[in-house]
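Working notes, beginning with the structure itself.
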Ligand code: CA
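Spelled out as structure tokens, the structure:
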């Protein structure tokens, strides 16, 4: 999943970016409101982490404009403003959650999973497709209850496909969701990950819909 991190504090921003990348997320980091606004208009994100006090456009204005144009990307506010009126304003402007700094990365990750589950319309903590089971919290995958080792990228790709198993996802969409601004991606990188996933899960596990993209297939 690709995340837009909007944070002007360089220490907090770089720490969060590194921590989230270690968890397998692609993270674009915008350091002011205007850069964030531009990023949101040009890239499709799975989640936005939004500081409120920012140079240029402040976080609440940014959020209000985002919701005005019917963009329903999940947003978690991360801020030092802990007063009740601030929290209420943040949530009423359209944030999905509100986390007060300082916070532990583990709590942020858990709240991100809650927001993602809510957006997917279910409360199941693990994803299942046939005999395949994926746990986003533990970063683990089982096929018929036998654990299958995965690299961070393979896991991220499988998660994208398993979230909506009926849907066909194009190579371009997978690239956009799995890689951030400064990450090099080769023309056949996605194909290589798909190849490796098929080797581990069975050749039919991921279907190639010619000219369109990939979707979960039959696992036998
Ligand atoms: Ca700030």
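Numbering (this note's numbering), first residue to last: 71 to 290.
Note that the Cβ used here is the ideal one computed from N, Cα and C, for glycine as well.
Here the structure is a predicted model, which is why all the values come from computation and not from measurement.
Original post:
The beta strand (DSSP E) spanning residue 258 covers which residue range?
Top reply: Judged by DSSP secondary structure, residue 258 falls outside any beta strand (DSSP E); it is assigned neither H nor E.
Original post:
Are residue 276 and residue 264 closer than 7 Å when you measure CB to CB?
Top reply: The answer is yes: Cβ separation under 7 Å.
Original post:
Helix, strand or coil: how does DSSP classify residue 252 here?
Top reply: DSSP places residue 252 in coil when its eight states are reduced to three.
Subject >> 6 Å Cβ shell around residue 205 - same chain, five flanking residues per side excluded >> reply: The residues are 196.
Subject >> For residue 143 and residue 246, the rounded distance between their alpha carbons >> reply: So the two alpha carbons sit approximately 15 Å from each other.
Subject >> Option in 169, 226, 211 with minimal Cα separation from residue 96 >> reply: Taking residue 96 as reference, the option from 169, 226, 211 with the minimal CA-CA separation is 226.
**OP:** Spell out the partners DSSP gives residue 285 in its beta bridges.
**Re:** Paired residue(s): 277.
Original post:
Can we count residue 78 as close to ligand 1, meaning its CB is less than 6 Å from some heavy atom?
Top reply: Flag set: Cβ of residue 78 near ligand 1.
Subject >> Beta-bridge partners of residue 96, as assigned by DSSP >> reply: When beta bridges are read from the DSSP output, residue 96 appears opposite 72.
**OP:** Determine the contact status of residue 73 and residue 120, defining contact as a CB-CB distance below 7 Å.
**Re:** No, they are not a contact pair.
Subject >> For residue 161, the residue or residues it bridges with in DSSP >> reply: By DSSP's assignment, residue 161 forms no beta bridge with any residue.
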